[in-house]
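Participant:
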Amino acid sequence: MENIPGIEAILKDPAGAVIGLDFDGTLSPIVPDPATAVIHPKAPAVLAELGAHVRAVAIVTGRPPATALELGPGLADVPGLVILGHYGFERWEHGRLSAPPPPPGVPRARAELPALLDSAGVVGVTVEDKGRAVAVHTRRAPDPEGALAALREPLAGLAARHGLVVEPGRMVLELRPPGMDKGHALGLFLAEREARSVLFAGDDLGDLAAFDAVRASGLPGVTVCSGSAEVTALAERADIVVDGPDGVLALLAELASAFSR
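The letter at position 165 of the sequence shown is residue 148 when you use our numbering, and the numbering goes up by one with no holes.
1. Given proline 15, which residues of its chain have a CB within under 6 Å of its CB, disregarding the five upstream and five downstream residues?
2. Can at least three beta-carbon pairs, one atom from the region 0 to 8 and one from the region 176 to 187, be found at a separation below 8 Å?
3. Give me the Cα-Cα distance between aspartate 60 and isoleucine 22, rounded to the nearest whole angstrom.
4. Apart from the five residues on each side of it in sequence, which residues of its chain come closer than 6 Å, Cβ to Cβ, to proline 12?
5. What residue does the beta strand (DSSP E) around glutamate 128 start on, and which one ends it?
6. Can you tell me where the beta strand (DSSP E) holding aspartate 112 begins and where it ends?
7. Going by the CB atoms, is the gap between threonine 206 and alanine 221 shorter than 8 Å?
8. Counting only runs of 3+ residues fully inside the region 62 to 98, write out the beta strand (DSSP E) ranges in chain order.
9. When the Cα atoms are used, what is the spatial distance from arginine 176 to valine 40?
10. Are valine 197 and cysteine 208 closer than 8 Å when you measure CB to CB?
11. Beta strand (DSSP E) containing proline 151: first to last residue?
12. Can you list, in chain order, the residues of its chain with a C-beta nearer than 6 Å to that of glycine 170? Leave out the 5 residues immediately preceding and following it.
13. When the Cα of leucine 232 is compared with those of Pro137, Gly8 and Lys25, which residue comes out closest?
14. What's the C-alpha gap between proline 86 and proline 160?
15. For aspartate -4, collect the residues of the same chain with a Cβ closer than 8 Å to its Cβ; drop the 5 residues on either side in sequence, then sort them by chain order.
16. Under the rule that 16 or more other beta-carbon atoms within 10 Å means buried, what is arginine 135, buried or exposed?
17. Determine contact between the region 49 to 63 and the region 89 to 109, defined as no fewer than three beta-carbon pairs at a distance below 8 Å.
18. Would you tell me roughly how many angstroms separate the C-alpha atoms of alanine 216 and glycine 189, rounded to the nearest one?
19. Anyone know if the C-beta pair for valine 119 and valine 106 falls short of 8 Å?
20. Look up aspartate 60 in the DSSP assignment and give the residues it is bridged to.
21. Going by beta carbon distance, what residues of the same chain come within less than 7 Å of phenylalanine 242, once the five residues before and after it are set aside?
22. Could you have a look at aspartate 195 and say whether DSSP puts it in helix, strand or coil?
23. Considering only C-alpha positions, which residue in the set Phe72, Ala31 and Val148 is nearest to alanine 49?
24. Alpha carbon to alpha carbon, what distance is there between alanine 239 and valine 65?
25. Which value, in whole angstroms, describes the spacing of the CA atoms of glycine 29 and proline 137?
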């Protein structure tokens, strides 16, 4: 690990490092029903130890910050933790949530979803209301890949009618407002905190933008893929590939232990 320039920079100057992390598939195992997800049991303690040494620990997620906190008991106690939820549209820090007004296109698209799903003839899909976004999950469908393919075009049309964009992911298509993604959110945060190095760990296609932000920052940086058989594009771009959330937490624990030494 020490032979990777970004890791070396973080180890030499932890006080200048920002540790950025996706939530689902990175800090929390992927499950068939997103509502039943739960953070890795070791995550709060490892992040708390990291938070005592680095400039900031930031969770950058498509979920609302309140949901990440609900699914991650103990996260609120991590020193200096910032949650950039809804791809950066919402921010939780020091117990306070800040956000612009919700976009009107999301509830309109949500209201049309039942008829669209019925006309597409797909069964077994679930709709997740994220407040500022709405996600259609196909993981529980009899043919998850087939359902995903059948829904791409209809959902793209629905999104376009209401000024939204479609964010693809692991057996999910999410309709959300344009103008923000994980890369934009991470880049703004790195500049705000005057970071001197950065690590970002993710598992899904939406995390590619954050990988790009690490490269574009010009900082010593390292990208980590929480590997899975479902998404390979991230592994091809990552500096380090680990085995799911277990591997992510093992890597972060190794960093925290090095800081303590």
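We put the CB at the ideal spot given by N, CA and C, even for glycine.
Facilitator: Inspection of the coordinates gives the following:
1. Answer for proline 15: Arg122 and Arg123, listed in chain order.
2. Yes: at least three Cβ pairs fall under 8 Å.
3. Computed Cα separation, rounded: 14 Å.
4. Counting only Cβ-Cβ distances below 6 Å, and skipping sequence neighbours, we find Pro228.
5. Not the beta strand (DSSP E): glutamate 128 falls in the alpha helix (DSSP H), residues 127 to 144.
6. Its beta strand (DSSP E) spans residues 109 to 112.
7. Closer than 8 Å, so yes.
8. 65 to 68, 73 to 76 and 79 to 81, all fully within the region 62 to 98.
9. Looking at the two C-alpha atoms, the distance is approximately 11 Å.
10. No; because the gap between Cβ atoms is not below 8 Å, this pair is not in contact.
11. Per DSSP, the continuous beta strand (DSSP E) segment holding proline 151 begins and ends at 148 to 152.
12. Closer than 6 Å at Cβ, skipping near neighbours: Ala196.
13. Taking each of Pro137, Gly8 and Lys25 in turn and checking the Cα distance to leucine 232, the smallest one comes out for Lys25.
14. Distance between the alpha carbons of proline 86 and proline 160 is about 7 Å.
15. Excluding residues within five positions, the ones whose Cβ falls inside 8 Å are Arg179 and Ser180.
16. Classification of arginine 135: exposed, given that the 10 Å Cβ count is below 16.
17. Taking 8 Å as the limit for Cβ pairs, the verdict is that the region 89 to 109 does not touch the region 49 to 63.
18. Distance between the alpha carbons of alanine 216 and glycine 189: 11 Å.
19. With respect to the 8 Å criterion, valine 119 and valine 106 are not classified as neighbours on the basis of their beta carbons.
20. Bridge partners of aspartate 60: none, in fact.
21. Same-chain partners within the cutoff: Pro(-3) and His36.
22. Reduced to three states, the DSSP call for aspartate 195 is helix.
23. If you compare the alpha carbons of Phe72, Ala31 and Val148 with that of alanine 49, the shortest gap goes to Phe72.
24. Whole-angstrom Cα-Cα distance: 18 Å.
25. Per the sequence presented here, residue 29 reads as valine, with glycine not at that position. Distance between the alpha carbons of valine 29 and proline 137: 42 Å.
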